[in-house]
Each structure stands twice: as structure tokens, then as C-alpha cells.
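These notes are about the structure you will find just below.
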Amino acid sequence: MFGRETLGELEPLDARAGPLRLTGYATRGPVTFPSRRYQFLFVNGRPVEDRSLSKAILQASRDAIRTDRHPAVFIFLTADPGAVDVNVSPAKTQAKFADAGTAYRLVYHALHSALLSGKEERRLRSVPSESEIAEARDGYAAAGGSPGPPVGVPAPARPEPPPPQEKKIPDIVAIGQHRGSYILASGPEGLLIIDQHAAHERTLYERIRDRIASGRVLSQKLLIRALFEAAPDEVETLASRFEDLQAAGFEIEPMSGRSYAIAALPAETTDRDPGETLREALAGLAEAGTGDEAHRRDRLAASLACRSAVTIRYHLAPEEIRRLLADWSRTSDRFTCPHGRPVVLLMTEEDLEKFFKRR
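For the sequence shown, my numbering assigns the number 4 to the initial residue and increments by one for each residue that follows.
What follows is the structure, given as C-alpha cells:
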């Protein structure tokens, strides 16, 4: 399911409680997801759904990483025959434990401990370096597990360190986050209120734009190609702007009729649905019209950045906020997003003193 670069972010699970033995893996650090779709539970080798254990996984994740994102979790429970009944449903997809409390505590503590051990490595996802972009391996077997992948799931990209600083970056110190949408920070200019989506969008836009302009294609392979059914107008855009899509990192193969197979995505968009990502890219290119190549690719970068940036009403961990601010502070235009909306509200010392009638 995941690429080999993700193996370095897997934390092993190994715990025992009475007749129950738990093994498996959980992703740590930057490898988290907006939903729980990558969480799998097996009991005596069978995939099962168990409300109590699902709740244990959810609670352990919330208590350890304290964000609304979720780690990928692969838990394999083995139990003595008398400790669990896997025949409680006709499809045998449920399990009934003789001691449900022990099973809950085992799952919670094993996962919670594993996530805490990798907590200090959490940081906002960045674009992977060229050396880190790798072909995905055959399913979870590379990590010792057995579950297969959903169709069209990209292997999460591993972050790369920020680029070397070419000039001194003003110190911007995070103060906090307001309602999961705005970052409060202190800088040399004064008090900053930053739209987190717009700031991240600006960062991604410049990164994608500069990469396309330099001819550096960074793609993330899909383990299984995603099928894309194009609308009639999208077929025309695909044909006329195929090279622009390739320059951004898409790998697309025509099939029959209006059907296409997506084999790879731009590296910055690995959390997105492949078809949705391509559709947004096509919309950006269509909006650019018949402009020159530089203009088309600029609009393509803006479309990809907007849809890939962190959303509002999304709570970031302190280290994620620091990383976002550091990346944003390196951009060439910190004050507007690619679509012209403001990124930051600045209140200088003079503004504050005047407002509070101190001068």
C-alpha cells in the first residue's frame, strides 16, 4: 500500500496481555491522513470490525498526536481459542472477546506508546526530494503485513529538509492558533494574524511553479493506476495540454473512449484523490485558455496548490505550525496567495499602541 520511503516512518507494535498478543505497525511523524481509511485490524489472521477496538485506536491517536489527522494502523491480534469468538456474524467479520476490557486496554496502550515515541518527529508534510521518490512496493507485505491496497491510493511522500537559506529570514514566533484557521505569531514587524490555508497555498504554489519552470519533474507513483472518466471538454484539454500535465508530474495513459489511467501524481498532491486532483488541474489549464506556456503552467501550479494546501478549521500541532511559518517566510511574496487574497494581517507596535491609547 505504501512506498518504501514510508518504511522509515513505521513504528512497530508488540505487546501482550494474558491470552492476547498484539503485533503490527503504525505510521508516525509526518505520515498521517485526514480519515481513518488506512486503519486495519486482524484477529487470528482474519480482518474484523470491532467498535470497541476501533474506539481504542481512535482514542490512542487523539491522545498521542492531538490533531484531527489519523495514522495508518495495522494491528494483528492473536488469541487463544477460548479468548475470542470470530463466528458471531455470518461473514465472520466481527469478533467477540471473552474479556473486552483487556483487549481495549491492550490496543490503546500499545498504539499510544508507539505514537508517543515518534511524536517529536512530527512535522508538516513537505515535497519529497528527488532521491526519495521511489516506486511503491507490493502492498503492505514489505512491512511484514498482508492487507492489500485500495485502488488509486498513492504512497505517502516522505518530507525533505527545508532548502538552505539564501538570506536571513526574520524570526517569526508562533503564539497559537485561532479556531483551527488562523495562526497568531510575533515578528519583527509586529503582531501577525495569518490565514493558514493562504500561507500554505502560497508556499506550495511557489514550490510547484519553480519546479515546473526548472524542468524538475517530481512524481509519486500509484501502486494501482486510478481510472479517470473525462468529460467531453476535459478530453480536449487533456489532448492539448498533455505536456503541461507531464511537466507538473502527472503520468496519464489513454484507454478506451474518454477513459484514462492515472499512473502518477505530482509529489505535492499525495493526500488527494487522483481523479479529483487531475480534474482540478484540467480546470486550471482550461481557465488559462490559450495563454503562453508560462501563464498556463503558472495557473496549473496555482490550482494544484489551492487544492493541496491545509484547510481552515483544521487544528495543527505546534511543530506543524512552526514548519508552516518557516516555509512561508521563505516565499517571495508573503502577503498574498496566488489568487490575490491576503495572507496576513499585520498590526505594528504603533498600531497596537494607538488602539490601546498608549500614545
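Backbone N, C-alpha and C define an ideal beta-carbon position, used for all residues, glycine too.
**Asked** Nearest to I175 by CA position, among S189, R182, G183 and S184, is which residue?
**Response** Nearest option by C-alpha distance: S189.
**H342 (DSSP reduced to helix, strand or coil)** = coil
**Request:** For R205, name the three-state secondary structure that DSSP assigns.
**Result:** helix
**Asked** Considering S393, what are the terminal residues of the beta strand (DSSP E) in which it resides?
**Response** Since the first residue shown for the chain is 4 and the last is 362, residue 393 is missing from the structure and cannot be characterised.
**Prompt:** Looking at R210 and E271, is the spacing between their C-beta atoms short of 8 Å?
**Reply:** yes
**Asked** Roughly how many whole angstroms lie between the Cα atoms of A145 and F79?
**Response** Per-residue confidence for A145 stands at a pLDDT of 42, beneath the threshold of 50, marking its modelled position as unreliable; no derived number is given.
**Prompt:** In angstroms, rounded to a whole number, what distance separates the CA positions of I60 and L348?
**Reply:** 39 Å
**Request:** Look up F79 in the DSSP assignment and give the residues it is bridged to.
**Result:** T26 and F45
**Alpha carbon of F43 to alpha carbon of M258, nearest angstrom** = 33 Å
**Prompt:** Mapping DSSP to helix, strand and coil, what is Q180?
**Reply:** Three-state result, Q180: strand.
**Prompt:** Excluding five sequence neighbours on each side, which residues of the same chain lie with their C-beta closer than 6 Å to the C-beta of G179?
**Reply:** Excluding its 5 nearest sequence neighbours in each direction, G179 has C-beta neighbours in its own chain below 6 Å: L187, listed in chain order.
**Asked** Do you know offhand how far D301's Cα is from R316's?
**Response** 28 Å
**Euclidean distance between Cα positions of A29 and A289** = 41 Å
**Request:** Answer with buried or exposed for R72, where buried requires no fewer than 16 other C-beta atoms within 10 angstroms of its C-beta.
**Result:** buried
**Beta-carbon contacts of P166 that lie in its chain and below 7 Å, excluding the five residues immediately before and after** = With a pLDDT of 46 at P166, under the threshold of 50, the modelled position of this residue cannot be trusted; read the value that follows with caution. Excluding residues within five positions, none has a Cβ falling inside 7 Å.
**Request:** Compare the C-alpha of K58 against each of R39, R49, E246 and N47 and name the closest.
**Result:** Looking at R39, R49, E246 and N47, the one whose alpha-carbon comes closest to that of K58 is R39.
**Item:** Exposure of F245, with buried meaning 16 or more beta-carbon neighbours within 10 Å
**Value:** exposed
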